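Novice: Take 1 as the starting number for the sequence shown in the UniProt record's numbering and just add one per residue.
Ideal Cβ placement from N, Cα and C applies to all residues, glycine included.
All figures in this text were calculated on a predicted structure; none of them were measured in a lab.
To start, I am sharing the structure in question, which I have written as structure tokens.
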Amino acid sequence: MQGGPSGIGYGLKYQARCISDVQADTDHTSFITGTLSLKEENEVHLIRLSSGGTELVCEGLFSHPNEIWDLASCPFDQRIFSTVFFTGESYGAAVWQIPELYGQLNSPQLECIAPLDAHVGKINCVLWWPSGRHDKLISIDEENIVLWSLDCSKKSARVGYQWKDYFVF
Numbered sequence: 001m002q003g004g005p006s007g008i009g010y011g012l013k014y015q016a017r018c019i020s021d022v023q024a025d026t027d028h029t030s031f032i033t034g035t036l037s038l039k040e041e042n043e044v045h046l047i048r049l050s051s052g053g054t055e056l057v058c059e060g061l062f063s064h065p066n067e068i069w070d071l072a073s074c075p076f077d078q079r080i081f082s083t084v085f086f087t088g089e090s091y092g093a094a095v096w097q098i099p100e101l102y103g104q105l106n107s108p109q110l111e112c113i114a115p116l117d118a119h120v121g122k123i124n125c126v127l128w129w130p131s132g133r134h135d136k137l138i139s140i141d142e143e144n145i146v147l148w149s150l151d152c153s154k155k156s157a158r159v160g161y162q163w164k165d166y167f168v169f
């Protein structure tokens with residue numbers, strides 16, 4: 001979408017609750033966003049700011065099976081991100097990989113690298129280790145914090161440590 005004197009806009013087919021900068025993309029200003037619709041198939045959009053800085057361009061559009069409530073990009077690989085989602089019955093989280101794009105608008109499907117399935121309650125967010133090339137993530141639900149070790153080559157994530165009933169208010 002074109003930008004004007006009031007800024008740059010980008011339209012989505014459905015409502016979105018979250019957007020994240022793609023931290024590992026050091027060559028472009030990039031973002032990912034995910035939609036939330038219980039009745040329709042949801043989408044993840046990979047968006048880049050044009051080289052002239054005047055428009056946002058969709059570099060990839062991918063189907064996501066569930067309502068996306070939160071997402072976060074991996075700080076060391078621009079093709080990897082996590083989502084927190086709602087299936088209509090329960091909350092879940094997973095780590096995904098964007099396929100090679102080659103400039104296609106309707107790119108192949110996202111690949112689920114690993115489900116983050118140690119939670120029993122509503123998952124609030126997933127946070128990546130903030131810097132460097134680390135394999136650690138933290139997921140947080142209403143009563144627990146879970147530290148994960150991610151192995152992208154084996155497409156798995158294992159619980160490294162879990163703090164139960166951590167939150168006391």
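Restricting to Cα atoms, I'd like to know which of Glu40, Gly7, Ile98 and Thr29 is closest to Pro65.
Specialist: Counted from its first residue, the sequence shown places residue 65 at position 65. Measuring from the Cα of Pro65, the nearest candidate turns out to be Glu40.
Novice: Would you decide whether Ile113 is buried or exposed? Buried here means 16 or more other CB atoms lie within 10 Å of its CB.
Specialist: Position 113 of the sequence shown, counted from the start, is the residue given in the question as residue 113. Answer is buried; the Cβ neighbour count reaches 16.
Novice: Within the chosen definition, does the segment 69-82 reach the segment 8-28 through at least 3 CB pairs nearer than 8 Å?
Specialist: With the cut-off at 8 Å, the segment 69-82 and the segment 8-28 touch.
Novice: Leaving aside the five residues before and after Ala93 along the sequence, list all residues of the same chain whose C-beta is less than 6 Å from its C-beta, in chain order.
Specialist: Here residue 93 refers to the residue found at position 93 of the sequence shown. Hits under 6 Å: Val84, Leu116, Ile123, Val126 and Ser139.
Novice: Going by CA-CA distance only, name the one from Gly121, Thr33, Val95 and Trp96 that's closest to Glu89.
Specialist: As a first step, residue 89 is located in the sequence shown; it is residue number 89 there, counting from the start. Measuring from the Cα of Glu89, the nearest candidate turns out to be Gly121.
Novice: Would DSSP call Gln97 helix, strand or coil?
Specialist: Within the sequence shown, numbered from 1, the residue matching residue 97 stands at position 97. The answer is strand: DSSP assigns Gln97 an E or B state.
Novice: Give me the Cα-Cα distance between Tyr14 and Thr33, rounded to the nearest whole angstrom.
Specialist: Here residue 14 refers to the residue found at position 14 when the sequence shown is read from its first residue. Here residue 33 refers to the residue found at position 33 when the sequence shown is read from its first residue. Whole-angstrom Cα-Cα distance: 11 Å.
Novice: Compare the C-alpha of Glu143 against each of Thr35, Trp163, Val95 and Asn42 and name the closest.
Specialist: Position 143 of the sequence shown, counted from the start, is the residue given in the question as residue 143. Of the candidates Thr35, Trp163, Val95 and Asn42, the one whose C-alpha sits nearest the C-alpha of Glu143 is Trp163.
Novice: Just list the alpha helix (DSSP H) runs in the segment 7-33, keeping only unbroken ones of 4 residues or longer that don't cross its boundaries, in chain order.
Specialist: Fully enclosed alpha helix (DSSP H) runs of 4 or longer: not present.
Novice: Span of the beta strand (DSSP E) holding Leu46?
Specialist: In the sequence shown, the residue the question calls residue 46 occupies position 46. It spans Asn42 to Leu49 - the beta strand (DSSP E) in which Leu46 sits, taken as one unbroken run.
Novice: So, is Arg79 buried or exposed, given that buried needs 16 or more other C-beta atoms within 10 angstroms?
Specialist: Your numbering for residue 79 matches position 79 in the sequence shown. Flag for Arg79 reads buried.
Novice: Assign Val146 to one of three DSSP states: helix, strand, or coil.
Specialist: For the purposes of this step, residue 146 is taken as the residue at position 146 of the sequence shown. DSSP places Val146 in strand when its eight states are reduced to three.
Novice: According to DSSP, is Trp129 helix, strand or coil?
Specialist: In the sequence shown, counting from the first residue as 1, residue 129 sits at position 129. Reduced to three states, the DSSP call for Trp129 is coil.
Novice: Count the other C-beta atoms from every protein chain shown that fall within 10 angstroms of the C-beta of Gly9, then say buried if there are 16 or more, exposed otherwise.
Specialist: Looking up residue 9 in the sequence shown gives position 9. Its Cβ having fewer than 16 others within 10 Å, Gly9 is exposed.
Novice: Return the CA-CA distance between Leu46 and Gly160, expressed in angstroms with no decimal places.
Specialist: Counting from one through the sequence shown, the residue named residue 46 turns up at place 46. Counting from one through the sequence shown, the residue named residue 160 turns up at place 160. Computed Cα separation, rounded: 30 Å.
Novice: Hey, quick one: how far does the beta strand (DSSP E) through Gln162 stretch, first residue to last?
Specialist: Walking along the sequence shown from the start, residue 162 turns up at place 162. Residues Ser156 to Lys164.
Novice: Assign Tyr102 to one of three DSSP states: helix, strand, or coil.
Specialist: For this step, residue 102 is matched to residue 102 along the sequence shown. Note on Tyr102: pLDDT 49, under 50, position unreliable in the model; no value is reported.
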